[in-house]
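Residue numbers (our numbering): 993 to 1161.
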């Protein structure tokens, strides 16, 4: 034991009797039956318990430790662990285990997209880079190009259609 407990509670006459740790040590020396008794540490104190309570307490502790380790290994999260300001539903609801077919289709799509993007003129490539690479809003793009947000939206829609045709989707 790292530190001597402040108090020790022993079962006496159907209830608990409070002792100092020194008095408990003296009792253990004078009455050898106390060496076989079970005690649980609670808030810097020791409390005598039955054999069944002792086993149940440590069984629950082992189970809790097992569940925590398993939870960490499986990357499980508790809703209580999420910071409310930074929490977004999609962070929890996103399933990172896509099926294989979906991953294959996504890779094929990306390969085709890599082939098509260099075929676009420099101005279209710049617009796509600003919108998706720099994640600028259509409103901000409108300010940069000196046009309205609707004009940028229309231009992007036409550009997306052009890319789809080039990819033969």
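Built from N, CA and C at the ideal position, the CB exists for glycine as well.
Indicate whether residue i and residue j have their beta-carbon atoms separated by less than 8 Å.
i            : j            : result
residue 1123 : residue 1097 : no
residue 1111 : residue 1158 : yes
residue 1131 : residue 1141 : yes
residue 1119 : residue 1151 : yes
Please look up how many angstroms separate the CB atoms of residue i and residue j, rounded, as I've assumed it's under 8 Å.
i            : j            : result
residue 1031 : residue 1039 : 6 Å
If you compare alpha carbons, which of the options is closest to residue i?
i            : options                   : result
residue 1008 : 1102, 1121 and 1042       : 1042
residue 1002 : 1118, 1026 and 1021       : 1026
residue 1144 : 1102, 1129, 1058 and 1154 : 1129
residue 1036 : 1126, 997 and 1105        : 997
residue 1104 : 1024, 1014, 1011 and 1155 : 1155
residue 999  : 1020, 1005, 1033 and 1024 : 1033
residue 1146 : 1125, 1127 and 1116       : 1116
residue 1029 : 1107, 1047 and 1099       : 1047
Looking at the strands, I want to know which residues DSSP matches up with residue i.
i            : result
residue 1000 : 1011 and 1038
residue 1151 : For residue 1151, which the question treats as bridged, DSSP gives no partner whatsoever.
residue 1062 : None, per the DSSP bridge assignment.
residue 1032 : 1039
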